[in-house]
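In this note's numbering, the protein residues as written are 83 to 302. A short worksheet on the structure shown next.
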């Protein structure tokens, strides 16, 4: 019976091979099923190392600036995973982009998640009741509340501090802005939610999709 199931799994795998470098697949049931098959068939030797889940979660800013054309949310996540400033350890740590749109990544659907709390999060990058640290120097700069959002300015999320506009896609109260560079696919002149600098992450202003800015990346 076990051999039959394995044979069926192998046939399925050959038709639907996942990209294990796709950050959207990390941690899903399909990911682990595929990883198990790769181990059983000798196609990978990385069979014992689990993807770490952070408790001292870190922020870093990308080494390159980007317009609003970022390949969507998944493209921005891939940028984070491949950026030169991504911490080397732990080796399989996952970082996702601190961005929002109206469909793929949402922090709150009511102001400050006042109605549903953490249940309003969708593929959100911050965890509830969690301290966040700068990857560059280990400095603690903010702590999330029970809804997984920041409620106060403490320190800058990057060092040296960033004093130019950072495209984020947020409106006030952690709502997704009406404009988000067409879900992060265009870099033409249009407005988008932004932070004025690296400390005002939860007090958005207006940025421009044609203006390049860094992407904040958050450890998961």
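For each residue, glycine too, the CB sits at the ideal point set by N, CA and C.
Residue 206 holds the alpha-carbon nearest to the alpha-carbon of residue 232 among 241, 206 and 183.
Taking 9 Å as the cut-off, the Cβ atoms of residue 222 and residue 237 count as close. Excluding five sequence positions before and after residue 300, the CB atoms of its chain that fall closer than 7 Å to its own CB belong to 139, 141, 177, 178, 180, 207 and 208, given in chain order.
Of all C-beta pairs linking the segment 285-294 to the segment 146-156, three or more are shorter than 8 Å, placing the two stretches in contact. Of the candidates 275, 265 and 283, the residue whose Cα lies closest to the Cα of residue 157 is 265. Residue 170 sits in coil when the DSSP states are folded into three classes, being neither helix nor strand.
DSSP lists 274 as the bridge partner or partners of residue 262. Residue 226 carries a strand assignment under DSSP once its states are collapsed to helix, strand and coil.
Straight through space, the alpha carbons of residue 175 and residue 133 are spaced by roughly 6 Å. Beta bridge pairing from DSSP links residue 298 with 143. Under the three-state reduction of DSSP output, residue 234 falls in the coil class, being neither helix nor strand.
Within 10 angstroms of the beta-carbon of residue 219 lie fewer than 16 other beta-carbons, which makes it exposed. In this chain, the alpha helix (DSSP H) harbouring residue 164 covers 154-164. Contact between residue 187 and residue 204 holds: their C-beta atoms lie close to 7 Å from each other, under 8 Å. Sequence-distant partners of residue 172 (beyond 5 residues in either direction) whose C-beta falls short of 8 Å from its own C-beta, in its chain, are 134. Straight through space, the alpha carbons of residue 185 and residue 196 are spaced by roughly 19 Å. Residue 288 counts as exposed, since fewer than 16 other beta carbons sit within 10 angstroms of its beta carbon. Taking a 10 Å sphere around the C-beta of residue 153, we find fewer than 16 other C-beta atoms and assign the residue as exposed. Residue range 177-179 is occupied by the beta strand (DSSP E) that includes residue 179.
In the DSSP annotation of this structure, the continuous segment of the beta strand (DSSP E) that includes residue 215 starts and ends at 213-216. Residue 221 sits in coil when the DSSP states are folded into three classes, being neither helix nor strand.
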